[in-house]
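In our numbering, the protein residues as written are -16 to 356.
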Ligand code: NPG
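Written out as structure tokens, the structure reads:
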């Protein structure tokens, strides 16, 4: 038995890093990644997590302000000074607080990193990962013109990404996918709607069937499993769910009723590594593959994603790109790079396996607060 972890302090730090290229989805446009970083400390040992909330409640109800508030007032005080038998216990310890999975994941993932470092193993090893490299794709946002998008796809293919995901919305869908497919007949291609359609749009979504998409991600509302199951009967392209899958129960239900055949797992959306593992296992039991989603994380969140994506049922390329795709200067050293053949090496050093660049973190900081036991 390893000794329980007693947190002595937790630092919350909000940072803002400009993106090298703006990222537009059906719900909005982002010019920077503004994130809360969490550092958990236990008698000198430290671990780091990144909250995937955004400044605005567009992808989910959480924002940086709500996450900071809930972490500062409720989650961190509930954990400080108590013996945590294992990081996988944290979800239950925080059950008293409803919702706020991204805030919960931020501290839960930080304690996972701490536990792995304390044990002298990589986070991947700590989580039970089975791969030393993961296959990765790139997610391309909506561009001002189709030509601009084609240029982005060309660049991504030249860099060696194993698949390209196109953001779609009504009016930026059939023609967009047709043009990309014409130019790149053999490319592994997927589309992500971020809940921009209604079941009434089934014919428009069926018009994407001829283009050989590996999946359409989250076409309908995030609370609507039932209509996704209806839609699945009316189109040939496999459906994947992201926003709708808030945990293992939602995963089980969605797969059971045929609302999707594939699941995108995001640490923040499901509430941390233990829940991500539970979603992974629920999909595995149903014979469905999962893949790792991304939220434009800095290197800290990205290393958590790489460790997660090394679990066995992550059988499709993740939204896990190299640091340079997002930032001029990432917050970790060395930056994340492609390792050839559309893969990224899973970090093998203790915990996240990369050093943090505190000089850059300091320079990017908007506010910081340390909460002590
Ligand atoms: O490479 O990290 C990445 C971006 C992947 O497309 C991506 N993320 O809807 O999945 C999404 C989208 C997103 C980004 C959602 C930022 C919310 C915020």
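All C-beta atoms, glycine included, are put in the ideal place defined by N, C-alpha and C.
All figures in this text were calculated on a predicted structure; none of them were measured in a lab.
Neighbourhood of residue i by C-beta distance below 6 Å, restricted to the same chain and skipping five residues each side
i	result
residue 99	106, 109, 334
residue 49	none
residue 32	21, 89, 92, 93
residue 113	295
9 Å Cβ cutoff met for residue i and residue j
i	j	result
residue -8	residue 350	no
residue 255	residue -13	no
residue 18	residue -3	yes
residue 243	residue 275	no
residue 297	residue 272	yes
residue 117	residue 315	no
residue 96	residue 236	no
residue 191	residue 156	yes
residue 133	residue 166	yes
residue 73	residue -11	no
residue 9	residue 185	no
residue 120	residue 302	yes
residue 352	residue -6	yes
residue 261	residue 250	no
residue 239	residue 269	yes
Per-residue burial, residue i [other beta carbons within 10 Å of its own, 16 or more giving buried]
i	result
residue 341	exposed
residue 128	exposed
residue 216	exposed
residue 150	buried
residue 348	exposed
residue 65	exposed
residue 320	exposed
residue 11	exposed
residue 42	buried
Which residues DSSP lists as bridging residue i, in chain order
i	result
residue 119	301
residue 155	152
residue 11	8
residue 30	23
residue 1	15
residue 334	105
residue 247	274
residue 328	116
residue 367	The structure shown does not extend to residue 367, since the chain is modelled only from -16 to 356, so the question has no answer here.
Own chain partners of residue i with C-beta closer than 7 Å, once the 5 adjacent residues on each side are dropped
i	result
residue 14	1, 2, 5
residue 233	227
residue 136	123, 147, 163, 167
residue 178	201, 203, 204, 205, 226
residue 38	17, 46, 47
residue 126	132, 135
Distance cut-off 8 Å: residue i Cβ against heavy atoms of the ligand FAD
i	result
residue 144	In the structure on display, the ligand FAD does not appear, and the ligands it does have are the ligand NPG.
8 Å CB neighbourhood of residue i in its chain, flanking five on each side removed
i	result
residue 159	129, 132, 149, 151
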